[in-house]
Amino acid sequence: MFKKDRIRAILPELEAAAGQGSVRTDEGEILMYSYDAGMARARPEAVINFSSPDHVAPVVRILHKAGIPFLPRLAGTNLSGGTIPLKGGAILNLSRLKKIRQIDTAARVALVEPGVVNMELQRALEPFGLFYAPDPASQKVSTIGGNIGENAGGPLCLKYGVTVDNVEKLEVVTPEGEVLLLSYKDAGPDLMSVMVGSEGTLGIVTHAWLRLLPLPSHIKTISAAFPSTDSAMAAVTRIIGAGILPRALEAMDKVSLDAALSGKTNPFPPGTEAVLILELDGDDPVKIKTDLEASHKICAGQGCLAFKAAADEAERAMLWQARKGAYPALARLAPDVLVEDGVVPRPRLPEALRETREIISKYKLTAGLLFHAGDGNLHPNVIFDRRDIQEVKRVKKAGYELLKSCIRLGGTISGEHGIGVEKRVAMNWLYGKGELAFFHGIKRAFDPAGLANPDKILPVASDRPAAKSGELAGTFVFPAKSALGPEARGIVDELRLRAAAGTPTAVTGLGTRLKSDAAAGGAQPLDLRSLAGPAEIDAENLTARVQAGLPLKEFRAQLAAAGFRLDLPALEGSVGGLIASKVCPEIRGLLLGLEIVTAEGEILELGGKTVKNVAGYDAVRLLCGSMGAYGVILAATFALAAGHDEAAGTFAEPATWNAFEPSELHRRLKREFDPRNLLTPWLYGK
């Protein structure tokens, strides 16, 4: 059957499910949905407009049965080609699903449909003294569903976390049309968190329960002008290193600033080459004053030309308008803008900035540099004209080099814009074959037929260019895997021997959490208590790598001695055991990376030392609560806070982790990661 006939054959079924006139195939509609804010273009075969979330599952079941690809779409503001229908099929237009169903002020949760615009939600919450933390620059038009699909961030995510940290629960339609209700507090692996940032490739969100926060009683907004971007970045690393946690810490270079202030009075002194926007908030004015004074001293030490607090709300709004309006302002300077989105560990920001400037100069391009500086997220905005073929080639080469620079510096290729189609090839540079195979396993488990937004995120065969002399092409340029100590090497070797013999394994630690029927299943214990070396604390980056067998209380003691803390309740058990059991679900929000060994003895590194990372599926959080059944945790990297340890029961009640009953989706994941059921075999049976 020709593509053009596929939709026609099931049109009566689709309109019976979604409503008369809901399916559009006219040329105007097709063209409207053949592009997004990225550079890629592709035509759908139909656009299906939804008037109710209840219509989504029946439509997906029809498309799945017919073998027709589909992808959800809302405002189309994503910058990586994530909503381009590469294999045709149907666009599922959810933009009309924009009801705020409930604002629960007592529980501080909002129930919304996916088409609710981010800014409209903020306006609805303000009368109740509440706000929703994720605030991407596109928040005037981008939707909650799109924000979930990309795991969007924004300036406030430095203090309050990205989208996944602010979602309590999701209603999801799977690629086969099943409706699931997922929460990060559910027993077992964290299926909800892996949905966030999956770009519509694992399912479709139809309702979201969002975490709300009280509006702070005090907000102080400061602009700091610097004679160079280098001096501004040096100030950023010192502010974070001093343990100051701003509400936001943003940076703009002169190109971006001039574009944003075009036609307006420039309030910054002559010689300004970069500006920081530093915002502090809270309910303790004394603490804000102390942090403000410390920040002023740090900035002055880096040659700050002016350090000025916004006098009133109008002046504060002007500063934020300049920052969030920089992208559209740059877009007025040329027909097109490429917005890159790399992340590096915060101490590497000055190096990343220097390399970025060198790359832009090398390719004779113009770019405004914007940074979520506090979390190491760079956004070079390269202006160009797509009608100039040679300039387009230079822009693409520069974009790839910018991503490779981030990888070289220990960072990642996307902090919040996603991979889509435009960064697929870069996934080969960031990850090894094992990590990519792990991601492919996630995709197959959720979407066996491969119909949900196909050919996004994960590389396809054409994305593996041959290496060229002097270039970082090829399949793997990520820095070498963390060196394994003799204890970890011994565990890996033992697992490989067991895999060769087909011997099942029961992972054990301090014995405080995971109880098993290992003896009944014939599994042999694998004791991880030897993995208890001292934590590797990166004081400048506020991160620590810790081996899985180290007791949490000992990890805490080591952090306290270095002047840091881990914001978790006082719990018994090893670090690895607490992750594997997910007895405290909020541990997921502090995890940046995991090193695991698979049932077959392959070592994988997932995540890393950056505080933002949306390159691939969130396998790190998926492994929370997996109880060793998907892989054995060797080490973890955590985000730290500066100051004294205040371990207390400040988190929500633990999930009923010990009541886990695997669903069919869990079993699919198990078959992908451990097809012989060698790890924790009693959980999944025969």
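Position 621 (the sequence shown) corresponds to 620 in numbering that gives the first Met the number 0; numbering is contiguous. All residues carry an ideal CB built from backbone N, CA and C; glycine is no exception. Note that the structure is predicted; figures quoted are calculated from it, not measured.
Asked                                                                                                        : Found
Where V285 falls, given that 16 or more other Cβ within 10 Å makes a residue buried                          : exposed
Below-7 Å beta-carbon distance, D492 vs any chain B residue                                                  : In the structure shown, chain B cannot be found, because there is only a single protein chain.
L181, DSSP secondary structure in three states                                                               : strand
Selected residue, minimal CA-CA separation from R95, among Y399, A658, P84, V111                             : V111
Contact the stretch 202 to 210 vs the stretch 255 to 267: 3+ CB pairs below 8 Å                              : no
Same chain, Cβ closer than 7 Å to V691, five either side skipped, listed in chain order                      : Residue coverage of the chain in this structure runs from 0 to 685, which leaves residue 691 outside it and unanswerable.
Contact the stretch 333 to 350 vs the stretch 404 to 414: 3+ CB pairs below 8 Å                              : yes
Cross-strand partners of N165 (DSSP beta bridge)                                                             : According to DSSP, which records beta bridges pairwise, N165 is partnered with nothing at all.
Backbone secondary structure at D189 - three-state DSSP                                                      : coil
Element boundaries [alpha helix (DSSP H), containing N117]                                                   : 117 to 124
Bounding residues of the alpha helix (DSSP H) (the contiguous stretch that carries P349)                     : 348 to 361
Identity of the residue in I412, R620, E175 nearest K184 by Cα                                               : R620
Proximity winner among M251, N427, L337, relative to S750 (alpha-carbon distances)                           : The chain is shown only over 0 to 685; residue 750 falls outside these bounds and no answer can be derived.
Where Y326 falls: helix, strand or coil (DSSP)                                                               : helix
Simplified DSSP assignment, three categories, for R246                                                       : coil
Distance between I578 and Y683 (C-alpha atoms, nearest Å)                                                    : 19 Å
H378 classed as buried or exposed, judged by whether at least 16 other C-beta atoms fall within 10 angstroms : buried
Coarse secondary structure for A16, derived from DSSP in three states                                        : helix
CA nearest to the CA of A505, picked from L450, Y629, F437                                                   : Y629
DSSP-derived helix/strand/coil call for A538                                                                 : coil
Beta-ladder partner(s) of P524, from DSSP                                                                    : A505
Segment contact flag, the stretch 564 to 577 with the stretch 112 to 124, C-beta cutoff 8 Å, min 3 pairs     : no
Distance CB(I61)-CB(S21) smaller than 7 Å                                                                    : no
Stretch-stretch touch, CB-based, cutoff 8 Å, three pairs: the stretch 230 to 243 with the stretch 298 to 318 : yes
Neighbour-count burial assignment, I322, 16 or more Cβ in a 10 Å radius                                      : Note that residue 322 corresponds to Arg in the displayed sequence, not to Ile. Answer is buried; the Cβ neighbour count reaches 16.
Same chain, Cβ closer than 6 Å to D280, neighbours up to 5 away in sequence not counted                      : P215, I218, R246
Candidates K581, N77, A560: closest to P568 by CA position                                                   : K581
Among E44, A547, L603, nearest to G576 - alpha-carbon criterion                                              : A547
Contact under 7 Å by Cβ, L348 with L248                                                                      : no
Three-state secondary structure assigned by DSSP to R5                                                       : helix
Helix, strand or coil at N380 [DSSP, three-state]                                                            : strand
Spatial distance of P133 from I147 (CA atoms)                                                                : 10 Å
Exposure label - T289; buried when at least 16 CB within 10 Å                                                : exposed
Alpha helix (DSSP H) segments (min. 4 residues) lying fully within the stretch 372 to 447                    : 388 to 407, 423 to 429, 432 to 445
Cβ separation of L668 and P188, assumed to be a contact under 8 Å, to the nearest whole Å                    : 7 Å
Inter-residue Cα distance where the pair is G409 and E44                                                     : 41 Å
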